[in-house]
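Worksheet: one structure, shown below.
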């Protein structure tokens, strides 16, 4: 299950990367890449909204979910800053300074 | 852009609530899976077009790759820690941090796997991360360190947050930021399913 999902997502990403690297996307599509991505993203978010809208349990808990989300966000950002700080302090700076 | 995102989600919620209350969620799953594939394909194209990424990594040194690694580890450990306080399962809290601010991918991947509530939480937490990142990056750069200023951005360090990081730091940090964003974008679809199955 994990492996098939992984191969699926990574495979598509890789195929896209090859298309991009070899400049295989040309003409109108290449010019409108941004718009296509935006439309695709907004459509996905719309569909995601639908799944929330048909789920009474989520709708009634939306404020609790929002608060939980903020708590997770604060910890996520805090720890990622801490980990970069530790890497800079104990690994990178030992060799030579990355930060001038 | 942020307004159209808000409108898309809210109108979806409205449509789901008022128009399609009895929709079968498995048929939605197929639509999401296809949409996700298209989105990933185009993100792949974007990455492939950045032909100088490898040169940039060579120039800065491979140790620049330690930064995305630290950002990823920190994000996952951070959200798992928050999950302890919120009494969540460790894989379900970890997966939210593993989104690295890429809210559209993390939430739709979780939806595709059948987690509706977790998907909503991942969406909100990662949207909040993107918003919070834009606000605190200049503060982190000023008071903690320029390299640390990349951390809040996560996967957005290559696009949304890049102008802010560039303004708050210097050209070298901006290059590392870009490398971090690209690496995080590649890491998310790999690490998310792994953390979820912990």
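Residue numbers (the numbering used here), protein chains in the order written: chain A, 1 to 100; chain B, 1 to 198. Just so you know, even glycine gets a beta-carbon here, dropped at the ideal spot from N, CA and C.
Compare the C-beta of residue i with all C-beta atoms of chain A and state if any pair is closer than 8 Å.
i, result
"residue 164(B)", "no"
"residue 43(B)", "yes"
"residue 124(B)", "yes"
"residue 58(B)", "no"
"residue 187(B)", "no"
"residue 104(B)", "yes"
"residue 27(B)", "no"
"residue 167(B)", "no"
"residue 37(B)", "yes"
"residue 116(B)", "yes"
"residue 141(B)", "no"
"residue 138(B)", "no"
"residue 193(B)", "yes"
"residue 161(B)", "no"
"residue 90(B)", "no"
"residue 5(B)", "yes"
"residue 40(B)", "yes"
"residue 65(B)", "no"
"residue 154(B)", "yes"
"residue 135(B)", "no"
"residue 94(B)", "no"
What whole-angstrom Cβ distance do residue i and residue j have, given they're in contact under 8 Å?
i, j, result
"residue 156(B)", "residue 101(B)", "5 Å"
"residue 79(B)", "residue 76(A)", "5 Å"
"residue 61(B)", "residue 85(A)", "No, residue 61(B) and residue 85(A) are not in contact; Cβ-Cβ is about 19 Å, not under 8 Å."
"residue 179(B)", "residue 64(B)", "5 Å"
"residue 182(B)", "residue 50(B)", "7 Å"
"residue 42(B)", "residue 36(A)", "6 Å"
"residue 124(B)", "residue 49(A)", "At roughly 12 Å, the Cβ-Cβ gap does not stay under 8 Å, so residue 124(B) and residue 49(A) are not in contact."
"residue 46(A)", "residue 11(B)", "6 Å"
"residue 32(B)", "residue 112(B)", "5 Å"
Identify the contact partners of residue i in chain A, using a Cβ-Cβ distance below 8 Å as the criterion.
i, result
"residue 17(B)", "53, 54, 59"
"residue 148(B)", "81, 84, 85, 88"
"residue 177(B)", "None at all; the shortest Cβ gap to chain A is about 11 Å."
"residue 121(B)", "65, 68, 69, 72"
"residue 30(B)", "Correct list: empty, because the minimum Cβ distance to chain A is about 11 Å."
"residue 144(B)", "81, 85"
Who are the neighbours of residue i on chain B, taking C-beta pairs under 8 Å?
i, result
"residue 83(A)", "70, 71, 73, 74, 77, 151"
Taking 8 Å as the threshold (beta carbon to beta carbon), is residue i in contact with chain B?
i, result
"residue 35(A)", "no"
"residue 91(A)", "yes"
"residue 63(A)", "no"
"residue 7(A)", "no"
"residue 94(A)", "Residue confidence is low: residue 94(A) scores 46 on pLDDT, short of 50, so the model does not pin down where it sits. No coordinate-derived value is stated."
"residue 100(A)", "At residue 100(A), the pLDDT of 47 sits below 50, so the modelled position is not reliable and the matter cannot be decided from this model."
"residue 15(A)", "yes"
"residue 12(A)", "yes"
Determine the chain A residues that contact residue i at a beta-carbon separation under 7 Å, and present them in chain order.
i, result
"residue 108(B)", "44, 48"
"residue 51(B)", "21"
"residue 46(B)", "20"
"residue 132(B)", "73, 77"
"residue 183(B)", "None at all; the shortest Cβ gap to chain A is about 13 Å."
"residue 111(B)", "48, 51"
Just to make sure I have the definition right: I need the residues of chain B whose C-beta is within less than 9 Å of the C-beta of residue i. Which are they?
i, result
"residue 27(A)", "Those within 9 Å of residue 27(A) in chain B number zero; the least Cβ separation is about 14 Å."
"residue 71(A)", "82, 85, 86, 125"
Using the beta-carbon of each residue, which ones in chain A are nearer than 9 Å to residue i?
i, result
"residue 10(B)", "49"
For a contact meaning CB atoms closer than 7 Å, what does residue i contact in chain D?
i, result
"residue 198(B)", "This model lacks chain D altogether, as its protein chains are A and B."
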